[in-house]
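In terms of UniProt numbering, the sequence shown opens at residue 1 and continues consecutively.
Notes to accompany the following structure.
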Amino acid sequence: MQRRRHPCVSILDRKQENNVMPVSKPMLSLKLNTSIAQAPLKKNAEAELRHMNHAEVRAHTPTRFTLNHRAPTYEVAQRALGENHGGWTAVNQFKMTGTDMFIHMDRREPRSKGDFVGDKFHLSVAPRHVASAFDAIGKLLQADDSPVDKWKVTDMSCVHTYSPARHARVTQGAQFTLYAKPDRADNTYSPEYMGKMRGMISSIERELHAAGVQQSNNRPSSDVAPRHWAYASYRNEHRSERAGSSSQANELEKEPFFKLVSFPDVAASPVKSGASSRSLMPPPWTR
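Okay, here's the thing in C-alpha cells:
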C-alpha cells in the first residue's frame with residue numbers, strides 16, 4: 001500500500017530545490033603563444049653559394065683584422081689545459097688524454113650559427129717553423145672579427161711519441177687546420193662571411209711570408225690550392241678522402257666555397273693571357 005506524502009513535506013522539498021545554489025563551471029581560457037620564433041629551415045650551403053659572385057665577396061673582403069694580443073704563444077699553448085686566452089679556450093689534447101697530438105683553440109662564444117658542412121683549410125709550413133708560424137698568426141686567427149671559431153695545430157713535441165709514418169701528414173705539413181662554418185642560422189654563408197674568410201687567408205699568407213716562415217714540401221695531397229697560396233690549401237671533408245687523387249682535386253676545385261675564397265686580387269696577382277688561373281692537376285706537392 002503506497003503512503004501519501006504530507007502536503008507540508010512537498011512544499012518543504014520545493015523550497016529546498018529553489019534554494020540550491022547553481023554550480024558554476026570554471027571558465028577555462030587557454031591562450032597559445034603563436035609568436036614563438038620557429039627555428040629556421042636548414043638550407044643547402046653549397047647550393048646557396050652558387051648564387052654568390054666574386055663581386056659580392058670582394059666588396060666584403062677586409063685588408064686587416066683587429067689583432068687579439070691576449071692570444072697565447074705556441075709555448076704557452078703547448079701547456080694549455082683549458083685556460084681562457086682572450087676569449088678563446090686552449091686545450092692540448094695530448095696533455096689531457098694522451099690520444100691526440102693537436103692543440104685545440106675554440107672561441108668561447110662562437111659567432112657562427114650554422115652547422116659544420118665540411119669546409120676547412122690546412123696551413124703547411126716547414127716542421128721546424130711551426131712555433132714561429134703559430135706566433136705569427138695566432139693573434140690574427142683569434143681576432144675579434146675573425147671568421148674562424150675553431151682551429152687546431154700539431155704539438156710538435158709529440159712527434160716522437162706517435163708513429164712517424166702514420167702522422168707524417170700533420171707533422172711534415174698540414175700542421176694547422178682552420179674550420180669554416182656557415183654564419184647564418186639557416187646554414188648558409190653570407191657574403192660578409194665569405195669576404196672575411198678570403199681576407200683571413202690572404203692575411204695569413206702575408207704574415208707567414210713576412211715572418212720568414214718556410215713552406216712545407218709536404219702539403220696534403222687531399223687538398224687543392226690556387227697558385228697564389230704558398231701555405232694554405234682547401235678541402236671539403238664531407239666530399240673528399242684523405243688519400244687524394246687527380247679526379248678528387250678536379251671536383252674540389254669546382255666547390256663554390258673554394259672558388260669564392262681563392263680568386264686573386266687582379267691588381268696584386270695579375271693573370272697572364274692564356275695562363276690557367278686554376279690549381280695544377282694534380283697538385284704540385286703530390287709529384
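Beta carbons are placed, not taken as given, at the ideal position from N, Cα and C, and that holds for glycine.
In whole angstroms, give me the CA-to-CA distance for residue i and residue j.
i: residue 117; j: residue 213; result: 30 Å
i: residue 280; j: residue 38; result: Low local confidence applies: a pLDDT of 34 at residue 280 is under 50, so the model's placement there is unreliable, with the coordinate-based value given in what follows. Rounded to the nearest angstrom, the two C-alpha atoms are 46 Å apart.
i: residue 242; j: residue 266; result: 32 Å
i: residue 192; j: residue 146; result: 11 Å
i: residue 55; j: residue 210; result: 28 Å
i: residue 51; j: residue 257; result: 11 Å
i: residue 140; j: residue 66; result: 7 Å
i: residue 194; j: residue 61; result: 8 Å
i: residue 94; j: residue 157; result: 10 Å
i: residue 239; j: residue 250; result: 12 Å
i: residue 76; j: residue 101; result: 16 Å
i: residue 285; j: residue 175; result: The pLDDT assigned to residue 285 is 38, lower than 50, so where the model puts this residue is not dependable; a value taken from the coordinates is nonetheless given after this. Approximately 15 Å between the Cα atoms of the pair.
i: residue 80; j: residue 71; result: 12 Å
i: residue 228; j: residue 68; result: 26 Å
i: residue 152; j: residue 83; result: 15 Å
i: residue 264; j: residue 197; result: 13 Å
i: residue 225; j: residue 190; result: 22 Å
i: residue 248; j: residue 222; result: 8 Å
i: residue 154; j: residue 135; result: 14 Å
i: residue 148; j: residue 173; result: 20 Å
i: residue 86; j: residue 128; result: 27 Å
i: residue 159; j: residue 168; result: 9 Å
i: residue 90; j: residue 99; result: 16 Å
i: residue 185; j: residue 53; result: 21 Å
When burial is assigned at 16 or more other CB atoms within 10 Å of the CB, is residue i buried or exposed?
i: residue 78; result: buried
i: residue 92; result: buried
i: residue 252; result: buried
i: residue 105; result: buried
i: residue 44; result: exposed
i: residue 47; result: exposed
i: residue 96; result: exposed
i: residue 40; result: exposed
i: residue 244; result: buried
i: residue 287; result: Low confidence applies here, because residue 287 scores a pLDDT of 36, under 50, leaving its location unreliable; read the following figure in that light. Residue 287 should be labelled exposed.
i: residue 177; result: buried
By alpha-carbon positions, which one of the options ends up nearest to residue i?
i: residue 110; options: 231, 143, 136; result: 143
i: residue 202; options: 128, 182, 63, 106; result: 63
i: residue 170; options: 218, 151, 200; result: 218
i: residue 207; options: 177, 159, 137, 141; result: 137
i: residue 115; options: 228, 190, 180, 141; result: 180
i: residue 246; options: 229, 220, 262, 263; result: 220
i: residue 88; options: 154, 196, 103, 198; result: 103
i: residue 107; options: 98, 204, 150, 128; result: 150
i: residue 255; options: 120, 74, 129, 199; result: 120
i: residue 58; options: 200, 148, 98; result: 200
i: residue 204; options: 128, 85, 133, 185; result: 133
Please check the pair residue i and residue j, which I expect to be a contact at CB under 8 Å, by giving their CB distance rounded to whole angstroms.
i: residue 42; j: residue 236; result: Incorrect: roughly 17 Å between the Cβ atoms, too far for contact.
i: residue 260; j: residue 123; result: That belief does not hold up - the Cβ atoms of residue 260 and residue 123 are roughly 19 Å apart, past 8 Å.
i: residue 215; j: residue 234; result: Actually they are not in contact, since the Cβ atoms of residue 215 and residue 234 sit about 16 Å apart, beyond 8 Å.
i: residue 182; j: residue 112; result: 6 Å
i: residue 126; j: residue 74; result: Not a contact, Cβ separation roughly 14 Å.
Which partner residues of residue i appear in the DSSP bridge assignment?
i: residue 84; result: 89
i: residue 152; result: 104, 177
i: residue 234; result: 121, 224
i: residue 215; result: 125
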